[in-house]
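Novice: One structure, as structure tokens, below. Some questions next.
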Amino acid sequence: MATVKISLSFISLSPSSSSSSSSSSSTQSKLSPSFIPNAAPSAKLAKLRFNGKSLTAKPMVHRASRTSGITCSASSSPTTLPSALLFDCDGVLVDTEKDGHRISFNDTFKERELGVTWDVELYGELLKIGGGKERMTAYFNKVGWPDKAPKDEAERKEFIAGLHKQKTEIFMVLIEKKLLPLRPGVAKLVDQALTNGVKVAVCSTSNEKAVSAIVSCLLGPERAEKIKIFAGDVVPKKKPDPAIYNLAAETLGVDPSKCVVVEDSGIGLAAAKAAGMTCIVTKSGYTADEDFENADAIFDCIGDPPEERFDLAFCGSLLQKQFVS
1 MATVKISLSF ISLSPSSSSS SSSSSSTQSK LSPSFIPNAA PSAKLAKLRF NGKSLTAKPM
61 VHRASRTSGI TCSASSSPTT LPSALLFDCD GVLVDTEKDG HRISFNDTFK ERELGVTWDV
121 ELYGELLKIG GGKERMTAYF NKVGWPDKAP KDEAERKEFI AGLHKQKTEI FMVLIEKKLL
181 PLRPGVAKLV DQALTNGVKV AVCSTSNEKA VSAIVSCLLG PERAEKIKIF AGDVVPKKKP
241 DPAIYNLAAE TLGVDPSKCV VVEDSGIGLA AAKAAGMTCI VTKSGYTADE DFENADAIFD
301 CIGDPPEERF DLAFCGSLLQ KQFVS
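According to the UniProt record's numbering, the residues represented by the sequence shown are 1 to 325, in order.
Laid out in structure tokens, this is it:
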């Protein structure tokens with residue numbers, strides 16, 4: 001069995017008698033396991049088969065030095081293309097969580113004088129819950145509701161909705177000021193898809209206004225006009241439930257098996273695979289130490305030339321029959 005190790009600067013092929021696997025010990029949770037209602041299970045490295053050979057895509061630790069890059073591509077002119085390319089937003093388009101959403105939540109808590117602060121480690125645990133309103137609700141249910149919160153359940157929902165609206169407004173200011181940049185390779189891959197007639201959409205648990213702001217401000221209005229957004233409460237259940245990807249396929253009029261999803265988290269991967277879609281993981285700040293079961297490929301980012309990790313041709317190659325996950 002050959003193991004393909006993908007790093008910033010090289011590809012190495014080395015024979016192995018058994019499947020390569022990796023495991024990492026996550027930071028000890030501040031919360032009990034029961035606090036995470038929809039946490040994704042631990043996972044193994046993605047496996048592919050190509051021309052009868054088993055391959056394992058494994059990204060190396062990001063290197064500080066900048067050297068010649070690599071491209072994972074089946075061909076310069078792929079014969080197979082996805083019908084749709086679906087991106088998660090936070091952590092995929094922009095690494096927003098630690099210095100974007102987390103800061104916005106904390107600023108909201110401070111302005112409301114709730115006496116709550118989510119530090120970096122705690123927020124990493126909270127990200128295992130899809131959706132900001134769901135995240136706050138689960139947190140307060142676990143540690144206790146603030147004194148200023150209402151006692152009635154229906155009123156608490158309104159309270160949470162108000163917090164989330166305020167948090168979204170603070171977050172949008174960060175995006176509009178372009179304080180959080182696109183991740184490497186995002187614009188390139190979007191352009192390749194649009195140029196080749198591949199439908200592009202963003203599927204996120206985040207608020208629709210926040211996602212639209214990211215797409216419009218950072219990808220630009222011309223691209224934004226061609227990108228469909230599915231976000232927020234557009235579906236009743238959020239990731240890891242596949243509802244948002246099912247809705248995207250139905251709305252775009254495409255076969256889920258011909259869609260390629262780019263995700264960065266375990267819950268996103270679970271949602272994409274449950275919808276019957278091919279999924280590439282590009283690890284982000286909070287997911288760098290996660291393992292991903294059933295991913296079709298794993299990279300540290302999409303990457304721009306000369307440090308490109310993969311392109312549209314590679315996305316198409318994952319759909320070809322000779323690749324069996």
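Glycine included, C-beta positions come from ideal geometry on N, C-alpha and C.
Leaving out five residues before and five after residue 117 in sequence, what residues of the same chain have Cβ atoms less than 6 Å from its Cβ?
Specialist: Answer for residue 117: 106, listed in chain order.
Novice: Are the CB atoms of residue 242 and residue 288 nearer to each other than 7 Å?
Specialist: No.
Novice: DSSP state of residue 316, grouped into three classes?
Specialist: Residue 316 falls in the helix class under three-state DSSP.
Novice: My guess is that residue 337 and residue 282 are in contact by the Cβ rule of under 8 Å, so how many angstroms apart are they, rounded?
Specialist: For the chain, the structure presents residues 1 to 325; residue 337 sits outside this window and is missing.
Novice: May I ask you to list the residues that DSSP assigns as paired with residue 263?
Specialist: Per DSSP, 281.
Novice: Taking only three categories from DSSP, how would you classify residue 204?
Specialist: Looking at residue 204 - three-state DSSP - the assignment turns out to be strand.
Novice: On the three-state DSSP scale, how would you describe residue 140?
Specialist: Correct three-state label for residue 140: helix.
Novice: Looking at C-alpha atoms only, which residue of 140, 102, 210 and 173 is the closest neighbour of residue 233?
Specialist: Ranking 140, 102, 210 and 173 by Cα distance to residue 233 puts 210 first.
Novice: Counting only the same chain and skipping the five closest in sequence on each side, list residues whose C-beta sits under 6 Å from that of residue 320.
Specialist: Cβ neighbours of residue 320 beyond the five flanking positions: 80.
Novice: Is residue 306 buried or exposed, if buried means 16 or more other CB atoms sit within 10 Å of its CB?
Specialist: Exposed is the call here.
Novice: For the 8 Å Cβ check, are there 3 or more pairs between the stretch 224 to 232 and the stretch 246 to 258?
Specialist: Short answer: they touch.
Novice: Report all residues from its chain with a CB closer than 6 Å to the CB of residue 257; omit the five preceding and five following residues, and keep chain order.
Specialist: If we look at residue 257 and ignore the five residues flanking it on each side, its Cβ neighbours are 276.
Novice: Which partner residues of residue 189 appear in the DSSP bridge assignment?
Specialist: Residue 189 is not bridged to any residue.
Novice: Considering only the beta carbon of each residue, do residue 114 and residue 146 sit closer than 7 Å?
Specialist: It is a contact, given that the beta carbons lie within the stated cut-off.
Novice: Can residue 217 and residue 169 be called in contact, C-beta distance under 7 Å?
Specialist: No. Outside cutoff.
Novice: Compute the Euclidean distance between the alpha carbons of residue 128 and residue 101, then round it to the nearest angstrom.
Specialist: Taking the straight line from one Cα to the other gives about 14 Å.
Novice: If you draw a straight line from the alpha carbon of residue 58 to that of residue 298, how long is it in whole angstroms?
Specialist: Residue placement at residue 58 is flagged as unreliable, the pLDDT there being 38, under the threshold of 50; the coordinate-derived value follows with that caveat. In a straight line, the C-alpha of residue 58 is about 6 Å away from that of residue 298.
Novice: Just the Cα atoms here: how many angstroms apart are residue 82 and residue 88?
Specialist: One C-alpha to the other measures close to 16 Å.
Novice: With 16 as the cutoff for other CB atoms within 10 Å, does residue 264 come out buried or exposed?
Specialist: It counts as buried.
Novice: By how many angstroms is the C-alpha of residue 178 removed from the C-alpha of residue 261?
Specialist: Going by the C-alpha atoms only, they are around 25 Å apart.
Novice: What's the call for residue 41, buried or exposed, on a 16-neighbour Cβ count within 10 Å?
Specialist: The pLDDT assigned to residue 41 is 38, lower than 50, so where the model puts this residue is not dependable; a value taken from the coordinates is nonetheless given after this. That one is exposed.
Novice: Let me confirm a value: residue 327 is counted as buried when at least 16 other C-beta atoms fall within 10 Å, else exposed. Which label applies?
Specialist: Outside the shown range of the chain, which is 1 to 325, sits residue 327, and nothing can be said about it.
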